[in-house]
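Some notes on the structure that comes next.
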Amino acid sequence: MLEDIKKKEISFQMRLLVVISMLFLFTIAVVGTISYIKAKDSQLSLVNERLEREVFIMREMARNLKYAFVNDEDQFTKQLLHSVEDQRIKLMQDNYSPKLFLIGNDESLQMEKRVAQQANLNQNIVGKIKGEGNSSFFAKWQGKQWLFSFGTVQELQGIYVIAIPKSELMESANELAKYFLTAGIVSIVLMLIFVSFIIRKMTLPLTKLRSEMKKARDGSFGNVETINSSIPEVRSLNKSFQMLMDKISELFQNIQDAITQLTDTSDELAVSSEELSATQEVMRTDLHKVMNSAEKTQGTFKQYEEIFYRLKNLMVLLKNEFEEMKHKQQKMNHSVKSGSSDVVSIVGALEEFYDGVLLMTNKISEFQLHTNNIRKAGTMIQDLSERTKLLALNATIEAARAGEHGKGFAVVAEEVRKLAENSRSAAIEIEQKVVDTVHIGNFFSDQFLTLKDELSGQLKIAQTSSSTFSTLANEIKEVDMHINRSTSEVIKAESVIPELESAFQHFYAHIEETLSSLQQLFESSEIQQKSMEETEDMRTQLVAISQSLASIGK
Numbered sequence: 001m002l003e004d005i006k007k008k009e010i011s012f013q014m015r016l017l018v019v020i021s022m023l024f025l026f027t028i029a030v031v032g033t034i035s036y037i038k039a040k041d042s043q044l045s046l047v048n049e050r051l052e053r054e055v056f057i058m059r060e061m062a063r064n065l066k067y068a069f070v071n072d073e074d075q076f077t078k079q080l081l082h083s084v085e086d087q088r089i090k091l092m093q094d095n096y097s098p099k100l101f102l103i104g105n106d107e108s109l110q111m112e113k114r115v116a117q118q119a120n121l122n123q124n125i126v127g128k129i130k131g132e133g134n135s136s137f138f139a140k141w142q143g144k145q146w147l148f149s150f151g152t153v154q155e156l157q158g159i160y161v162i163a164i165p166k167s168e169l170m171e172s173a174n175e176l177a178k179y180f181l182t183a184g185i186v187s188i189v190l191m192l193i194f195v196s197f198i199i200r201k202m203t204l205p206l207t208k209l210r211s212e213m214k215k216a217r218d219g220s221f222g223n224v225e226t227i228n229s230s231i232p233e234v235r236s237l238n239k240s241f242q243m244l245m246d247k248i249s250e251l252f253q254n255i256q257d258a259i260t261q262l263t264d265t266s267d268e269l270a271v272s273s274e275e276l277s278a279t280q281e282v283m284r285t286d287l288h289k290v291m292n293s294a295e296k297t298q299g300t301f302k303q304y305e306e307i308f309y310r311l312k313n314l315m316v317l318l319k320n321e322f323e324e325m326k327h328k329q330q331k332m333n334h335s336v337k338s339g340s341s342d343v344v345s346i347v348g349a350l351e352e353f354y355d356g357v358l359l360m361t362n363k364i365s366e367f368q369l370h371t372n373n374i375r376k377a378g379t380m381i382q383d384l385s386e387r388t389k390l391l392a393l394n395a396t397i398e399a400a401r402a403g404e405h406g407k408g409f410a411v412v413a414e415e416v417r418k419l420a421e422n423s424r425s426a427a428i429e430i431e432q433k434v435v436d437t438v439h440i441g442n443f444f445s446d447q448f449l450t451l452k453d454e455l456s457g458q459l460k461i462a463q464t465s466s467s468t469f470s471t472l473a474n475e476i477k478e479v480d481m482h483i484n485r486s487t488s489e490v491i492k493a494e495s496v497i498p499e500l501e502s503a504f505q506h507f508y509a510h511i512e513e514t515l516s517s518l519q520q521l522f523e524s525s526e527i528q529q530k531s532m533e534e535t536e537d538m539r540t541q542l543v544a545i546s547q548s549l550a551s552i553g554k
């Protein structure tokens, strides 16, 4: 089975030939593909520019014909179709099969053989041409790809379109691709023949050298055949192989002598190793017991130490809390004192304000009384004016009876009547103002009464708050005394902690030194044990090596 697998393996000659062939094939493929792509792009670009020029020429020709036949539309159309047919013939002479169209707003015409007929362009192509204006694009029409190049021609009132099959554009690029493919195949065949000959000549000395190595693998180290080759590396390899075989023969002789010495000293090392292992095991057992005891002591001390540090931190935290409480208590005392004085001031201000409100209420009552008296006086003035008016009327009547002698008296009576009317109007106005004043006085009276009741309630609340602040101040003083006593007790307890901490640290240092010494001793024992194990392993390995070398020497 192994021989069958070896026969199926690919030789170095074949692998090298395959790699070189693949590289050469890849190079030809890359160069050919790039050349084909560049040629295709160049061809498409040239044709596209040619069609754009043809569209431009047709636009200029249509403009010139329009100028030449301004008033003769039929002659213009005839000459235009003639020019379009000439353009189509020129394109056909260049091995193209062009289709010429005129797309207007309502219809699409195909111009061929000096005749314009309805075109069968699909609406997608027509819509795209109308949407882009002056451009070019590829589209599928009549089952194959076409290049549409177009431009707006104002004289024709539409878009002039030239279409050429894409397959005709790619003929030169396809011929170039066929040329590259043929040249590549021929080059690969020639390269395979040439490279196969060179590789065979290079690998023949290696094949002979491999057969010599097979002999050495089977145990034959003498009579190495000299290999002739023109390659310096192969000659150097053959020379090195011959020197290697000589060295191996000498080495085997030295190994045979060393095997005898290793066999003699192996037993002596085994006896010494067993005695030293037994002594080392007893010492390691004792060290384990001592270290376990020291570790238990250290663990117990760590627990005590942890409890001590918790107690220390608790004392520090307690002291800080008491100091913070004392500081806040002082602020609270100051706030209570300030609050008590402020409450007393507020109570005094409220009492003074309350007295002022009572006085203002009484004054408003007096104001209302005087206002009512003024209103009565206004009524009296109005009555008096009515009587004066009546008296003036009687005087006027009497003056009329007196005739010429009563004219002066009539003038006086008229003036008295006017004075009475003016007095009456003033009295009515005064009465109205007095009524408004009474309403305002009533409003102020009601508001001040409401304010007096609210002030009375607030004054009672302020008086209650004043007594509460006094009680709170007394209680805070008692709390302050308790905090001061607790703070002094915490400070006394904190002064003892440093002494206790110093004693713990000395005791822990002693335990650490003892445990460190035991660990160093145990580590030394471990190192010695490892050295013994390594020595035993080396002895075992030497015995195995000596047996292996003995079997190789045989």
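No gaps in the numbering here: position 165 of the sequence shown is 165 in our numbering, and each next residue is one more.
The C-beta atom is built at its ideal place from N, Cα and C for all residues, glycine as well.
Buried/exposed call for residue i, threshold 16 Cβ in 10 Å
{"i": "F194", "result": "exposed"}
{"i": "Y309", "result": "exposed"}
{"i": "I129", "result": "buried"}
{"i": "F443", "result": "exposed"}
{"i": "E398", "result": "exposed"}
{"i": "A119", "result": "buried"}
{"i": "Q261", "result": "exposed"}
{"i": "A67", "result": "One detail in the question is off: residue 67 reads as Tyr in this sequence, not Ala. So Y67 ends up on the exposed side."}
{"i": "F138", "result": "exposed"}
{"i": "T396", "result": "buried"}
{"i": "Q87", "result": "buried"}
{"i": "L190", "result": "exposed"}
{"i": "L449", "result": "exposed"}
{"i": "I103", "result": "buried"}
{"i": "L91", "result": "buried"}
{"i": "L100", "result": "buried"}
{"i": "L80", "result": "buried"}
{"i": "L314", "result": "exposed"}
Distance, residue j Cα to residue i Cα
{"i": "F148", "j": "V70", "result": "30 Å"}
{"i": "I162", "j": "L181", "result": "34 Å"}
{"i": "I159", "j": "S167", "result": "25 Å"}
{"i": "V55", "j": "D72", "result": "24 Å"}
{"i": "L390", "j": "M380", "result": "15 Å"}
{"i": "F76", "j": "V30", "result": "54 Å"}
{"i": "K140", "j": "S196", "result": "50 Å"}
{"i": "L65", "j": "I57", "result": "12 Å"}
{"i": "Q529", "j": "T279", "result": "10 Å"}
{"i": "S45", "j": "P98", "result": "17 Å"}
{"i": "T152", "j": "V126", "result": "13 Å"}
{"i": "M538", "j": "L192", "result": "58 Å"}
{"i": "L359", "j": "I440", "result": "18 Å"}
{"i": "L244", "j": "N254", "result": "15 Å"}
{"i": "G32", "j": "K178", "result": "10 Å"}
{"i": "V383", "j": "T464", "result": "The sequence shown places Asp at residue 383, rather than the Val named in the question. Taking the straight line joining both Cα atoms gives about 59 Å."}
{"i": "S531", "j": "I248", "result": "34 Å"}
{"i": "D257", "j": "E523", "result": "40 Å"}
Residue i, DSSP secondary structure in three states
{"i": "G104", "result": "coil"}
{"i": "G143", "result": "coil"}
{"i": "Y160", "result": "strand"}
{"i": "V570", "result": "As displayed, the chain neither begins before 1 nor continues past 554, which places residue 570 out of reach and without an answer."}
{"i": "A116", "result": "strand"}
{"i": "S97", "result": "coil"}
{"i": "F26", "result": "helix"}
{"i": "V70", "result": "coil"}
{"i": "L121", "result": "coil"}
{"i": "I20", "result": "helix"}
Cut-off 7 Å between Cβ atoms - residues of its own chain near residue i, not counting five sequence neighbours on either side
{"i": "M61", "result": "S83"}
{"i": "I527", "result": "none"}
{"i": "I20", "result": "V195"}
{"i": "R63", "result": "E155"}
Residues near residue i by beta carbon distance below 6 Å, same chain, minus five either side
{"i": "H16", "result": "Checking the sequence, you will find Leu at residue 16 rather than His. I199, listed in sequence order."}
{"i": "A116", "result": "L109"}
{"i": "Y96", "result": "I164 and E168"}
{"i": "Q145", "result": "F138 and K166"}
Cβ shell of residue i (< 8 Å), same chain only, five flanking positions each side left out
{"i": "L51", "result": "S136, L147, S149, I162 and I164"}
{"i": "S187", "result": "F24 and I28"}
- prompt: Taking contact to mean at least 3 C-beta pairs separated by less than 8 Å, is the region 107 to 114 in contact with the region 15 to 26?
  reply: Result no; under three Cβ-Cβ pairs closer than 8 Å.
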